[in-house]
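Novice: In UniProt numbering, the protein residues as written are 1 to 114. Glycine included, each C-beta is placed from N, C-alpha and C at the ideal position. Below are the structure tokens for one structure; questions will follow.
Listed below in structure tokens is the structure:
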């Protein structure tokens, strides 16, 4: 049994007018991945597609695609959850760039900017 851990391979990439963010996590039992935008849970829709993939029995990946706006994008959070706990990663993205920044692991959670 392993609590969920979001992996450093999680990141955002901007292509044209879209920002695509991936969240990679591992844990045992296998984690569920949830997205939050501006404090509210995001579900798959035509405007905000989310794909989920079980990479292995202990590893999961989720990808969310956002439309870039002229103004700054709100904060985006990935939550990785299993029976042993939760890990979260905060992505700070903007319409002009989606840049990988410093990520620090504190108290079992990644806190940083991507």
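Report the three-state DSSP secondary structure of residue 39 (helix, strand or coil).
Specialist: Here residue 39 corresponds to residue number 39 of the chain shown, with the count starting at 1. In the structure shown, the three-state DSSP call for residue 39 is coil.
Novice: Report the residue from 76, 79, 48 whose alpha carbon sits nearest the alpha carbon of residue 65.
Specialist: Your numbering for residue 65 matches position 65 in the chain shown. Residue 65 has its Cα closest to that of 48, out of 76, 79, 48.
Novice: Considering just the uninterrupted stretch of the beta strand (DSSP E) at residue 58, what are its terminal residues?
Specialist: Here the question's residue 58 lines up with position 58 in the chain shown. No beta strand (DSSP E) holds residue 58; DSSP gives it neither H nor E.
Novice: Quick one: give me the first and last residue of the beta strand (DSSP E) that residue 74 is part of.
Specialist: Working through the chain shown from its first residue, we reach residue 74 at position 74. Note, residue 74: premise wrong, no beta strand (DSSP E); not H, not E.
Novice: Using the rule of at least 16 other Cβ atoms within 10 Å of the residue's Cβ for burial, across every protein chain shown, is residue 104 buried or exposed?
Specialist: Within the chain shown, numbered from 1, the residue matching residue 104 stands at position 104. Unreliable placement is indicated for residue 104, whose pLDDT of 32 sits below 50; the coordinate value is still reported in the next sentence. So residue 104 ends up on the exposed side.
Novice: Taking the alpha carbon of residue 7 as the point to measure from, which residue in 68, 80, 36 has its own alpha carbon closest?
Specialist: Numbered from 1 along the chain shown, position 7 holds the residue referred to as residue 7. Nearest of 68, 80, 36 to residue 7, Cα basis: 80.
Novice: What are the boundary residues of the beta strand (DSSP E) that residue 92 is part of?
Specialist: Within the chain shown, residue 92 is the residue found at index 92, counting from 1. No beta strand (DSSP E) holds residue 92; DSSP gives it neither H nor E.
Novice: Give the DSSP-derived three-state secondary structure of residue 17 in the structure shown.
Specialist: Here residue 17 refers to the residue found at position 17 when the chain shown is read from its first residue. The three-state reading of DSSP puts residue 17 in coil, since its state is none of H, G, I, E or B.
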